[in-house]
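Participant: In my numbering, the protein residues as written are 1 to 218.
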Amino acid sequence: GLVDDFTFLPANTLKDTKFCVTGPHSLVKRIRNEHYATEEEFALDVARVMNVELKELVRAGADRIQVAEPYYSGFPQDLEWGVKALNALVDGVDAKIVLHICYGNRYVKPSWAGNYRYLFPTILDANVQQLTLEFAWRGGEDLDLFKEFPNQFELGVGTIDVKSDTVETPDIVAERIRSALKFVSPERVTVLPDCGCHNLAQPVALGKLRAMVEGAQI
């Protein structure tokens, strides 16, 4: 049913769209397994089924697909097979593939703590074009990983803290962007919220998004 959800987007906007799906690693953490010997086997089969859906999305016109894998941060020991399942998911999918990894956003709180160091170097094997990571809530100390582990990924820089009701100023957003530009060239940077805004009141969410746009313009 993903195609039906996708077609709603271009029917209601003239702007570029990005369609988001939950990745196989995160899905198997939320689905009871009564069949597979390992979570890896389970995730690979989920990925193969979803791969068909993603190809249907591309045929329907989707050209940018984001895969959300927040559970990587909760189970870093799974990362090697998690990336394998991700690559099975996107195999042969003719679209720009974005991988979103955060620390969870349940009840407006992070589900896990830590840093993004666990991603490297394994994440360099992911067949994606862009990583989107949260930096507003955590701060930008992990940005130096992009210098330590040179790569060709584009970087979606989380500049809006979706775990806080405080609306950032455009200047705060601009400074967060400048921090990222010390490590990643401008043509590889996209400015984003840390995660989804569904836990925020609409006026707060809109205020934050407005500040994000104005900060990027600065």
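C-beta: ideal position from N, C-alpha, C; glycine also.
At what residues does the alpha helix (DSSP H) containing residue 215 begin and finish?
Facilitator: 202-217
Participant: Where do the N-terminal and C-terminal ends of the beta strand (DSSP E) with residue 22 fall, by residue?
Facilitator: From DSSP, the beta strand (DSSP E) with residue 22 extends over 19-22.
Participant: Could you tell me how far apart the beta carbons of residue 78 and residue 25 are, in whole angstroms, since I believe they sit closer than 8 Å?
Facilitator: 6 Å
Participant: In angstroms with no decimal places, state the Cα-to-Cα distance between residue 59 and residue 95.
Facilitator: 10 Å
Participant: Report yes if the C-beta distance between residue 17 and residue 62 is below 9 Å; otherwise report no.
Facilitator: yes
Participant: Hey, quick one: how far does the beta strand (DSSP E) through residue 155 stretch, first residue to last?
Facilitator: 154-160
Participant: Should the segment 31-47 be regarded as contacting the segment 166-179, the criterion being three or more beta carbon pairs within less than 8 Å?
Facilitator: no
Participant: Suppose only complete runs of 3+ residues qualify. What are the beta strand (DSSP E) ranges in the segment 44-83, listed by chain order?
Facilitator: 64-68
Participant: Check residue 117 in the structure and name its three-state DSSP category.
Facilitator: helix
Participant: Taking the alpha-carbon positions, what's the residue 204 to residue 34 distance?
Facilitator: 42 Å
Participant: So which of 36, 55, 28 and 38 has the shortest CA-CA distance to residue 70?
Facilitator: Closest option to residue 70, Cα to Cα, is 28.
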